[in-house]
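Note that the sequence shown covers residues 187 to 730 in the working numbering.
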Amino acid sequence: MTKSSGKRGGGRGKGATTRGNGKATQRGHTGRSEPGKRPGQGGGKPTSLPPWMPQATAMSAPRKTGRVDTHPTAPRFDPHARREAQRYEYPIASREMILQVLAAQDGPMDADALAQKLGLTADDRYAALEKRLQAMLRDGQLLQNRRGGFVPASKTALIPGTVIANPDGFGFLRPEAGGDDLFLPPFEMRKVSHGDRVLASLTGMDRRGRGEASIVEVLERRLTRLLGRYVEELGIAYVVPDDKRIQRNVMIPQDARSDAKAGQLVVAEITTPQDAHRPPIGKVLAVLGDKLTASQAVEAAIHGHDIPHEFSPEVLAQATAVPLTVQASDIAGRVDLRTLPLVTIDGEDAKDFDDAVWCEQNADGFRLIVAIADVSHYVRPGTPLDEEAQLRATSVYFPGFVVPMLPETLSNNICSLMPKVDRLCFVCDMQVGRDGIVTRASFHEAVMHSHARLTYTDVWNAVGDGIPEDEHQAALAKIGALLPQIQRLHQLYKVLDKARAKRGAIEFESSEVRFVLDAQGVVAQAGMLQRNDAHKLIEECMIA
């Protein structure tokens, strides 16, 4: 199943994606358009309806001939057309109609062909059809192959799933619908790589009583790059994957070796996928040398896991166009919290500051305000920035290096709650009782002005027990007039922690290693990161 049905005329298609409002949106179209209504418009004159849509006069059902069809045929009318007409101002084909049309075909049918068949070629109708197809994919009614063709999921007994490889040569299919994994014998694994999405059929049971499957079609090749050793033997070059789950070597043609030498670590890109009788073919993307330095290890991980790390010109242009200061027009309609002494509390090496907190005691317990940076004000749905952020999903942290989800002009600047500057934010304003239970909460778009960038060490040295006097005094000097608020936050943490223990929450404490690199990027020091109440304080505020 591919990500999207794409756009007519080729090009890089983008699938329907779910925004924060829970509605599906398609690139170039608004998520609020009803089926059959031109997106972004309030209606207008509808295009001519296809023959199966309801007319003013009643439609008669097909004549019964008494013969039993052994092969389904495409329906002449939509069995649920009237329901669709009641639901939408300009209806399109119902899900049932789409399933019947696809079931009558000899093979998969792409969105263009389906639109032609259903008479939905006008832009507004085509956009609505794409959204319906994406919804049917999401709900498991349809399957989609790599070429964009759709088939009903119920048409065959094929099982979509993800390949989980084992270093010993066999593997398993993890069905997307859940249930037990299915065994894939070594011969089947020669067709695929770890992580591939496939369609498989159940062929029987193995000698251990496990379900066994055969791969029918590869829906998505997820292994596109890998790290490995470059080898030359008798003029034949190949890369031996470093990941033992990847069983087949990647053959490298003469013109794709990039001056690599035998024994060197390289990053290879697969240009021709493997099949049951032929190994994958690829090219050398980067030569990393005989031994990896710290920076090369990062580079290898980025290439080997195919982590997006370069921004397109369109994304950079949009990011550059964003002002680096909050504009007066941005503040209109927001709650003004700039005089409230909100502070950020993060690690010493943090580059971006996502959240800020403030607390005061009152007659009913504590008033707590948690603010998070309002990134959505600058990253709008359907824009290049939004699509890139969805593709990356998260920032990836390496020792001394970060692959950001957004360009740094956003992530480390206007979308970061930096100290002593105005920033847009979302806030949760809540009342926490003396028993640690939240009794009231409200949410607002706001503008804030962080009064300090504090670290976990600063906060702990100011309020913790057994702190050396010189470190305690240094923390007090840095925190200054904000100390009463920090003390109240610490008191609130104790109340929340007590309530957490009372309700039986499990405490998961794991060790985290912190690496210190020298100027050359080599690990100079490693040690366990010590967690204290300052870390837990922020965690409790976030989940309160």
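Where is the CB? At the ideal position from N, CA and C, for every residue including glycine.
#1: At a cut-off of 6 Å, is Gly519 close to the ligand ZN when judged by its beta-carbon and the heavy atoms of the ligand?
#2: Go through its chain and collect everything with a Cβ distance to Pro570's Cβ below 6 Å, but skip five positions before and after it.
#3: Could you give the residue range of the alpha helix (DSSP H) that holds Tyr642?
#4: Could you tell me how far apart the beta carbons of Leu603 and Val565 are, in whole angstroms, since I believe they sit closer than 8 Å?
#5: Could you tell me the boundaries of the beta strand (DSSP E) in which His635 lies?
#6: By Cβ distance below 8 Å, which residues in the same chain neighbour Ala691 in space, the five residues on each side in sequence not counted?
#7: Going along the chain, which residues of its own chain have a beta-carbon closer than 8 Å to the beta-carbon of Phe373, five neighbours each way excluded?
#8: I need the straight-line Cα distance from Met728 to His637, nearest angstrom please.
#9: So, under 8 Å CB-CB, Met375 and Gly355 are touching, yes? Tell me the CB distance rounded to an integer number of Å.
#10: Does the pairing of the stretch 482-491 with the stretch 505-520 give three or more beta-carbon distances under 8 Å?
#11: Assign His359 to buried or exposed, taking buried as 16 or more other Cβ atoms, counted over all protein chains shown, within 10 Å of its Cβ.
#12: For Glu695, is the classification buried or exposed, using 16 other Cβ atoms within 10 angstroms of its Cβ as the cut-off for buried?
#13: With contact counted as at least three CB pairs below 8 Å, one residue from each stretch, are the stretch 665-672 and the stretch 681-690 in contact?
#14: Indicate whether Leu306 and Ile278 have their beta-carbon atoms separated by less than 7 Å.
#15: Start and end of the beta strand (DSSP E) containing Val417?
#16: Mind checking who Val708 pairs with in its DSSP beta bridge?
#17: Could you please give the first and the last residue of the uninterrupted beta strand (DSSP E) stretch that includes Val512?
#18: Contact check, Ala559 vs Cys611 under 8 Å by CB: the rounded distance?
#19: Sort Ala454, Asp522, Val699 by Cα distance to Gly713 and report the nearest one.
#20: Using a threshold of 7 Å, state whether the C-beta atoms of Arg553 and Val633 are closer than that.
#21: Which complete beta strand (DSSP E) runs does the stretch 595-626 hold, if anything under 3 residues is left out?
#22: Look up Arg186 in the DSSP assignment and say whether it is helix, strand or coil.
#23: Nearest-angstrom Cα distance between Val645 and Thr525?
#24: Can you give the Cα-Cα distance for Gly214 and Asp572, rounded to whole angstroms?
#25: For Val681, which of Phe336, His721, Val618, Pro527 has the nearest alpha-carbon?
#26: Which one of Asp366, Ala299, Ser597, Gln433 has the shortest CA to CA distance from Gly334?
#27: Can you find the residues in the same chain that come closer than 7 Å, C-beta to C-beta, to Gly622, ignoring five residues on each side of it along the sequence?
#28: Using the rule of at least 16 other Cβ atoms within 10 Å of the residue's Cβ for burial, across every protein chain shown, is Pro439 buried or exposed?
#29: I'd like the span of the alpha helix (DSSP H) that includes Pro670, first residue to last.
#30: In whole angstroms, what is the alpha-carbon distance linking Ala297 and Tyr274?
#31: Which parts of the stretch 287-326 are runs of the alpha helix (DSSP H), unbroken and 4 residues or longer, counting only runs that do not cross its ends?
#32: Kindly indicate which residue of Gly650, Leu675, Arg311 has the alpha-carbon position closest to the one of Ser734.
#33: Just to confirm the assignment, what range does the alpha helix (DSSP H) spanning Ile665 have?
#34: Any contact of the stretch 402-414 with the stretch 426-442, i.e. 3+ C-beta pairs under 8 Å?
#35: Rounding to the nearest angstrom, what Cα-Cα distance links Gly230 and Asp309 in this structure?
#36: I need the DSSP call for Thr458, collapsed to helix, strand or coil.
According to the structure shown:
#1: With respect to small molecules bound, the structure shown includes none, and the ligand ZN cannot be examined in it.
#2: Working through the sequence shown from its first residue, we reach residue 570 at position 384. Around Pro570: Glu500, Val501, Gln504.
#3: Position 456 of the sequence shown, counted from the first residue, corresponds to residue 642. Residues 642-649.
#4: For this step, residue 603 is matched to residue 417 along the sequence shown. For this step, residue 565 is matched to residue 379 along the sequence shown. Actually they do not touch by this definition, with Cβ atoms about 16 Å apart.
#5: For this step, residue 635 is matched to residue 449 along the sequence shown. Note, His635: beta strand (DSSP E), 624-635.
#6: Here residue 691 refers to the residue found at position 505 of the sequence shown. Result list for Ala691: empty, nothing under 8 Å.
#7: Numbered from 1 along the sequence shown, position 187 holds the residue referred to as residue 373. Result list for Phe373: Ala462, in chain order.
#8: Numbered from its first residue, the sequence shown carries residue 728 at position 542. Numbered from its first residue, the sequence shown carries residue 637 at position 451. Cα to Cα, the separation comes out at about 19 Å.
#9: The residue given as residue 375 occupies position 189 in the sequence shown. The residue given as residue 355 occupies position 169 in the sequence shown. Yes, Met375 and Gly355 are in contact; Cβ-Cβ is about 6 Å, under 8 Å.
#10: At 8 Å Cβ cutoff, the stretches do not touch.
#11: Locating residue 359 in the sequence shown gives position 173, where the first residue counts as 1. A small fix is needed here, since residue 359 is Leu in this sequence, not His. So Leu359 ends up on the buried side.
#12: Within the sequence shown, the letter at position 509 stands for residue 695. Exposed, since its Cβ has fewer than 16 Cβ neighbours within 10 Å.
#13: no
#14: The residue labelled residue 306 in the question sits at position 120 within the sequence shown. The residue labelled residue 278 in the question sits at position 92 within the sequence shown. Note that the C-beta distance between Leu306 and Ile278 is below 7 Å.
#15: Reading the sequence shown from its first residue, position 231 is the one you call residue 417. 411-419 is the span of the beta strand (DSSP E), which, as asked, contains Val417.
#16: Here residue 708 refers to the residue found at position 522 of the sequence shown. In DSSP, Val708 forms no bridge with anything.
#17: If you number the sequence shown from 1, residue 512 lands on position 326. No beta strand (DSSP E) holds Val512; DSSP gives it neither H nor E.
#18: Position 373 of the sequence shown holds residue 559. Position 425 of the sequence shown holds residue 611. Confirmed, Cβ separation roughly 6 Å.
#19: By 1-based counting over the sequence shown, the position of residue 713 is 527. By alpha-carbon distance to Gly713, the top candidate from Ala454, Asp522, Val699 is Val699.
#20: Residue 553 sits at position 367 when you count from the first residue of the sequence shown. Residue 633 sits at position 447 when you count from the first residue of the sequence shown. In this structure, Val633 does not lie closer than 7 Å to Arg553 by Cβ.
#21: 608-619
#22: Since the displayed the chain opens at 187 and closes at 730, residue 186 lies outside it and no answer follows.
#23: Here residue 645 refers to the residue found at position 459 of the sequence shown. Here residue 525 refers to the residue found at position 339 of the sequence shown. Computed Cα separation, rounded: 21 Å.
#24: Here residue 214 is taken as the residue at index 28 of the sequence shown, counted from 1. Here residue 572 is taken as the residue at index 386 of the sequence shown, counted from 1. Here Gly214 scores only 35 on pLDDT, less than 50, and its place in the model should not be relied on; the value that follows carries that caveat. Answer to the nearest angstrom: the Cα atoms are 13 Å apart.
#25: Counting from 1 along the sequence shown, the entry for residue 681 is found at position 495. Of the candidates Phe336, His721, Val618, Pro527, the one whose C-alpha sits nearest the C-alpha of Val681 is Val618.
#26: In the sequence shown, the residue the question calls residue 334 occupies position 148. Ranking Asp366, Ala299, Ser597, Gln433 by Cα distance to Gly334 puts Ala299 first.
#27: On the sequence shown, position 436 is the one that residue 622 refers to. Val681, Leu682, Lys684, Ala685.
#28: Against the sequence shown, residue 439 aligns to sequence position 253. It counts as exposed.
#29: Counted from its first residue, the sequence shown places residue 670 at position 484. Pro670 -> alpha helix (DSSP H) spans 669-688.
#30: One-based indexing of the sequence shown puts residue 297 at position 111. One-based indexing of the sequence shown puts residue 274 at position 88. So the two alpha carbons sit approximately 21 Å from each other.
#31: Segments of the alpha helix (DSSP H) lying fully in the stretch 287-326: 297-304, 309-324.
#32: With the chain covering 187 to 730 only, the question about residue 734 has no answer from this structure.
#33: Working through the sequence shown from its first residue, we reach residue 665 at position 479. First-last of the alpha helix (DSSP H) with Ile665: 655-665.
#34: Taking 8 Å as the limit for Cβ pairs, the verdict is that the stretch 426-442 does touch the stretch 402-414.
#35: To locate residue 230, count along the sequence shown from 1; it is residue 44. To locate residue 309, count along the sequence shown from 1; it is residue 123. Low local confidence applies: a pLDDT of 44 at Gly230 is under 50, so the model's placement there is unreliable, with the coordinate-based value given in what follows. Cα-Cα distance, rounded: 13 Å.
#36: Taking the first residue of the sequence shown as position 1, residue 458 is located at position 272. Reduced to three states, the DSSP call for Thr458 is strand.
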